[in-house]
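Those protein sequence lines, which keep their order, are chains A and B.
Oh and the first sequence: position 7 is 642 in my numbering, straight run, nothing missing.
Oh and the second sequence: position 316 is 320 in my numbering, straight run, nothing missing.
Using N, Cα and C, we set each Cβ at its ideal position, and we do this for glycine too.
Bear in mind that the values here come from a model prediction, so they are computed numbers and not experimental data.
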Amino acid sequence: MLEPFATMSDEAAWLMSCRELVVGHAGHGLLPPLNLELCPGQLWAVIGKNGSGKTTLLRTLLGMLRPVAGEVVRRPGVRVSYLPQRTTVDDLYPLRARDVVMMGCARGARGILAGRGWGAAADAALAEVQLEGVGPKPFRKLSEGQKQRVLFARLLASEAQIGFLDEPTSAMDQRAQREGLGLLRRLCERRGLCLVVVSHYLGLAEELADRVLWVDRDGPRAESGSPAEVLGAMRASGEAGWM
Amino acid sequence: MDVAPPPGPSAAEPSDAPLPEGLSLDDLRLETEGARPTTSQRTADPHPHGELPRHSELHAEHRPHHAPTFEEFVTGWELGIYRDPVLCAVLAGVALGMLGVFVVLRRAVFVTAAISQAAGLGVALAFLIAGSASAAAPLAGALLLALVASSSLALPAARLRVPREGLLGFAFLASSAGALLVGDRIAAESHDVAAILFGTAVLVRPLDLWLVASAAVLSVVLIGVGHRGLTFVGFDPEGARVQGLPVLTISLVFWCVLALMVAVSTRALGSLPVFALAVLPGMAALSLVEGMKPALLLSGVLGGAVGGLGYLFAFRYEFPVGASQAALCAAVFAVCLLVAWVRRR
């Protein structure tokens with residue numbers, strides 16, 4: 636049986652916790668209250684049709700929007716990074732792939748200045764996503780798959796414990812999507828990262844995710860659980876057709 | 005308009021430097037004049053407000069007219085007459101060129117136009133309110149109105165149900181119309197106002213040079229120190245914000261420094277060349293090179309070169325300075341586009 640507002644793991648392990656969190660705009664909640672705990676090594680898939688409240692939820696978890704009710708608690712010292720949709724990253728900038736990865740190292744007010752070791756961290760992160768030698772190449776001239784891997788490398792270079800990714804594979808074909816998300820899965824396990832991935836790709840929820848959060852403002856509903864549980868519930872309610 | 009003596013030796017301070025044949029120090033007095041100067045345009049009191057001559061007006065009154073030569077330019081440089089305006093144009097070109105890379109990347113080209121035009125209105129208003137007595141008023145007016153125009157970026161455009169570029173268009177049009185209307189009411193300084201708006205000034209006051217140099221140093225230091233932060237904030241503002249970078253502060257500092265640079269440069273060079281220098285070298289550099297550092301360096305070099313060479317071009321062919329600098333900017337941009345296109349083929 637699904638727990639609508641499930642607690643995912645024991646108290647000590649979480650990096651970020653949502654308690655009775657209601658997300659929305661101008662005091663109007665979009666989704667039911669949400670209780671979640673994001674733990675190391677977990678890959679979360681956030682799924683829902685267009686306009687279902689996924690981005691609002693993501694922005695609230697990131698602190699860009701105030702919760703309508705409830706709270707988001709971040710364990711002290713936890714580092715968070717965010718990769719926006721590929722289409723929002725501006726290709727007009729004449730950046731080399733290494734420059735993009737080095738952005739991951741920038742954190743806080745000191746991030747305005749370049750720090751020692753950023754270049755080495757960027758090279759190591761590029762190697763981890765199998766892009767050795769791509770660093771000096773212009774970012775805007777890379778293939779979509781390579782660009783996405785460079786952004787994954789940026790996430791690694793940031794040494795974040797939680798990474799939020801907004802439709803990271805939306806510009807790719809299905810094969811590239813599978814490869815990209817498979818890489819994320821491996822990074823999650825290897826680095827103990829907690830990744831929260833918003834995606835329309837059902838394969839992510841079915842094959843790669845540890846936990847799935849399904850949101851739908853029309854219900855309204857916000858259900859989380861194992862992939863089998865949530866996808867089963869979606870199919871039972873006839874809501875899987877949009878995927 | 006109150007004007008300090010031209011830099012270097014002036015009519016009141018005879019120089020040891022030799023003058024070209026037929027050229028007296030009286031000929032180097034400053035005046036304000038219209039579109040295409042000739043010796044016949046000189047009047048009994050040719051410089052009531054003491055500045056903004058054409059190059060040809062710096063030559064002998066009783067000689068037959070001839071195209072200015074490089075030797076005459078060198079002589080004028082040694083006298084200090086041409087040194088300060090060229091230095092001013094080079095410094096403004098370098099700083100505006102580097103700032104312009106970020107202006108172009110932020111797709112805010114029209115912001116510079118609105119700021120420079122607003123600075124022009126500020127100068128005109130300063131003339132109207134303070135008259136020609138105050139040397140500081142035009143700068144204060146330019147800076148104030150430039151900051152007001154910059155702040156229009158912070159208005160909640162979506163709530164006002166107008167696009168952001170609509171607000172900038174409003175700032176540009178209101179400033180342009182205002183400057184012309186105010187200029188109409190200050191006939192005594194109308195040439196000066198026109199010079200500031202369209203960049204016909206040949207000479208630059210020491211104060212203006214000092215201000216442009218100071219603002220240019222500030223701009224170059226800002227970019228040298230903070231270009232990574234500026235790049236990250238422009239490239240991916242939300243990612244930068246999540247990683248704790250002070251996105252709003254960085255953007256605010258950038259726009260304020262740009263407003264300062266545009267304001268002091270507009271006062272010294274005119275709004276047309278300032279707009280051109282803040283946009284076209286950046287676009288040219290971005291079309292040619294990969295990497296932010298090379299783009300910033302190339303844009304600064306192009307801006308500085310165009311600023312100085314535009315002045316030389318105006319001197320040699322007796323064109324208005326501001327228009328020459330803007331036209332040279334456009335030519336350089338066109339050539340860079342062509343080179344980039346050929347290289348891609």
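- Message: Which residue wins for smallest C-alpha separation from Arg751/A, given the options Ala762/A, Met737/A, Gly743/A?
- Response: Walking along the first sequence from the start, residue 751/A turns up at place 116. It is Met737/A whose Cα lies nearest to the Cα of Arg751/A.
- Message: Checking 8 Å against the spacing of the C-beta atoms, do Glu841/A and Leu866/A come in under that value?
- Response: The residue given as residue 841/A occupies position 206 in the first sequence. The residue given as residue 866/A occupies position 231 in the first sequence. Cβ atoms of Glu841/A and Leu866/A: closer than 8 Å.
- Query: Is the beta carbon of Pro801/A sitting closer than 8 Å to the one on Leu673/A?
  - Reply: For the purposes of this step, residue 801/A is identified with residue 166 of the first sequence, where counting begins at 1. For the purposes of this step, residue 673/A is identified with residue 38 of the first sequence, where counting begins at 1. Per the sequence presented here, residue 801/A reads as Asp, with Pro not at that position. Not closer than 8 Å, so no.
- Measure from the alpha carbon of Gly770/A to the alpha carbon of each residue in Glu779/A, Phe799/A, Gly754/A, then state which is nearest. For this step, residue 770/A is matched to residue 135 along the first sequence. Closest by alpha carbon: Gly754/A.
- Message: Cβ closer than 7 Å: which chain B residues qualify as neighbours of Leu697/A?
- Response: Here residue 697/A is taken as the residue at index 62 of the first sequence, counted from 1. Chain B residues near Leu697/A: Val246.
- Simplified DSSP state of Val865/A, which is helix, strand or coil: Here residue 865/A is taken as the residue at index 230 of the first sequence, counted from 1. Reduced to three states, the DSSP call for Val865/A is helix.
- Task: Can you give me, in chain order, the residues of the segment 742-776 of chain A that have a beta carbon less than 7 Å from any beta carbon in chain B?
- Result: Arg742, Gly743, Ala744, Gly746, Ile747, Leu748, Ala749, Pro773
- Where does Arg348/B fall in DSSP's three states? Within the second sequence, residue 348/B is the residue found at index 344, counting from 1. Arg348/B: helix per DSSP, three-state reduction.
- Query: chain B beta carbons: is any one of them nearer than 8 Å to that of Val576/A?
  - Reply: Lying before the first or after the last residue shown, residue 576/A is absent from chain A, which here runs from 636 to 878.
- Select from Gly712/A, Pro729/A, Ala863/A the residue whose C-alpha is nearest the C-alpha of Phe774/A. The count along the first sequence starts at 1 and reaches residue 774/A at position 139. The option with the nearest alpha carbon to Phe774/A is Pro729/A.
- Query: Between the C-alpha atoms of Val113/B and Phe337/B, what's the straight-line distance to the nearest angstrom?
  - Reply: Within the second sequence, numbered from 1, the residue matching residue 113/B stands at position 109. Within the second sequence, numbered from 1, the residue matching residue 337/B stands at position 333. Straight-line Cα distance between these residues: approximately 15 Å.
- Task: Whole angstroms is fine: what's the gap from Asp726/A's alpha carbon to Gly173/B's?
- Result: Here residue 726/A refers to the residue found at position 91 of the first sequence. Here residue 173/B refers to the residue found at position 169 of the second sequence. Between Asp726/A and Gly173/B, the C-alpha separation is close to 26 Å.
- Query: Tell me which same chain residues have a C-beta within less than 7 Å of the C-beta of Gly683/A, skipping the five on either side of it?
  - Reply: The residue labelled residue 683/A in the question sits at position 48 within the first sequence. Hits under 7 Å: Lys689, Trp849, Val850, Asp851.
- Query: Got a sec: is the Cβ-Cβ distance from Asp581/A to anything in chain B below 8 Å?
  - Reply: The structure shown does not extend to residue 581/A, since chain A spans only 636 to 878, so no value can be given for it.
- Message: Does chain A have any CB closer than 8 Å to the CB of Val293/B?
- Response: Start at 1 with the first residue of the second sequence, and residue 293/B comes out as number 289. By this cut-off, Val293/B is an interface position.
- Task: Examine chain A for any beta-carbon lying closer than 8 Å to the beta-carbon of Phe236/B, and answer yes or no.
- Result: As a position in the second sequence, residue 236/B is number 232, starting the count at 1. Output row for Phe236/B: interface = yes.
- For Met287/B, which residues in chain A fall below 7 Å Cβ to Cβ? The residue labelled residue 287/B in the question sits at position 283 within the second sequence. Here the premise fails: no neighbours, minimum Cβ distance about 10 Å.
- Item | Collapsed DSSP secondary structure at Phe799/A in the structure displayed | As a working note, residue 799/A is residue 164 in the first sequence. Three-state result, Phe799/A: strand.
- Does Asp88/B get closer than 8 Å to chain A when you measure Cβ to Cβ? Stepping through the second sequence from its first residue, residue 88/B is reached at position 84. Not one chain A Cβ lies under 8 Å of Asp88/B.
- Are there 16 or more other CB atoms within 10 angstroms of the CB of Glu824/A, so buried, or fewer, so exposed? Stepping through the first sequence from its first residue, residue 824/A is reached at position 189. So Glu824/A ends up on the exposed side.
- Classify Met5/B as buried or exposed, calling it buried when 16 or more other Cβ atoms lie within 10 Å of its own Cβ. As a working note, residue 5/B is residue 1 in the second sequence. Unreliable positioning characterises Met5/B in this predicted model, as indicated by a pLDDT of 38, which lies under 50. A coordinate reading is not provided.
- Item | Rounded C-alpha distance that separates Leu143/B from Ala150/B | Walking along the second sequence from the start, residue 143/B turns up at place 139. Walking along the second sequence from the start, residue 150/B turns up at place 146. Using only the alpha carbons, I get a separation of about 10 Å.
- Mind pulling the chain A residues with CB within less than 8 Å of Gly233/B? As a position in the second sequence, residue 233/B is number 229, starting the count at 1. Those are Ala741, Gly746, Ile747, Leu748, listed as they occur along chain A.
- Item | Proximal residues of chain A, C-beta to C-beta of Phe3/B below 7 Å | The structure shown does not extend to residue 3/B, since chain B is modelled only from 5 to 349, so the question has no answer here.
- Message: Tell me the DSSP secondary structure of Ala680/A in three-state form.
- Response: Taking the first residue of the first sequence as 1, we reach residue 680/A at position 45. Strand, per DSSP.
- Item | Per-residue contacts from Ala299/B into chain A (C-beta, under 8 Å) | Locating residue 299/B in the second sequence gives position 295, where the first residue counts as 1. Neighbours of Ala299/B on chain A, chain order: Pro729.
- Message: Quick check: Ala220/B and Met265/B, are their CB atoms within less than 8 Å of each other?
- Response: Taking the second sequence and counting its residues from 1, the one referred to as residue 220/B is at position 216. Taking the second sequence and counting its residues from 1, the one referred to as residue 265/B is at position 261. Their beta carbons are under 8 Å apart, which means Ala220/B touches Met265/B by this criterion.
- Quick one: which chain B residues come within Cβ less than 8 Å of Val724/A? Your numbering for residue 724/A matches position 89 in the first sequence. Simply Phe239, Asp240.
- Task: Give a yes or no on whether 8 Å exceeds the smallest Cβ distance from Gly860/A to chain B.
- Result: Along the first sequence, read from residue 1 onward, the residue named residue 860/A stands at position 225. No - not a single Cβ of chain B is within 8 Å of the one on Gly860/A.
- Query: Any contact of the segment 276-286 of chain B with the segment 89-103 of chain B, i.e. 3+ C-beta pairs under 8 Å?
  - Reply: yes
- Message: Quick check on DSSP: helix, strand or coil for Ser805/A?
- Response: Taking the first residue of the first sequence as position 1, residue 805/A is located at position 170. Looking at Ser805/A - three-state DSSP - the assignment turns out to be coil, as it is neither helix nor strand.
- Specify the secondary structure class of Arg852/A as computed by DSSP and reduced to three states. As a working mapping, residue 852/A is identified with position 217 in the first sequence. Three-state DSSP puts Arg852/A in coil, outside helix and strand.
- Pick helix, strand or coil for Ser223/B, following the three-state DSSP scheme. In the second sequence, counting from the first residue as 1, residue 223/B sits at position 219. Helix at Ser223/B.
- Among the residues of its own chain, which have a CB less than 8 Å from the CB of Arg132/B, if the five just before and after it don't count? Along the second sequence, one-based indexing puts residue 132/B at 128. What sits at residue 132/B in the sequence shown is Leu, not Arg. Cβ within range, chain order: Val186, Arg189, Ile190.
- Task: Can you give me the Cβ contacts of Leu341/B inside the same chain, cut-off strictly under 8 Å, excluding the 5 residues immediately before and after it?
- Result: Here residue 341/B corresponds to residue number 337 of the second sequence, with the count starting at 1. Result list for Leu341/B: Ala288, Ser291, in chain order.
- Can you find a C-beta in chain A that's less than 8 Å from the C-beta of Met296/B? What you label residue 296/B is simply residue 292 of the second sequence in a count that begins at 1. It does: the Cβ of Met296/B has a partner Cβ on chain A nearer than 8 Å.
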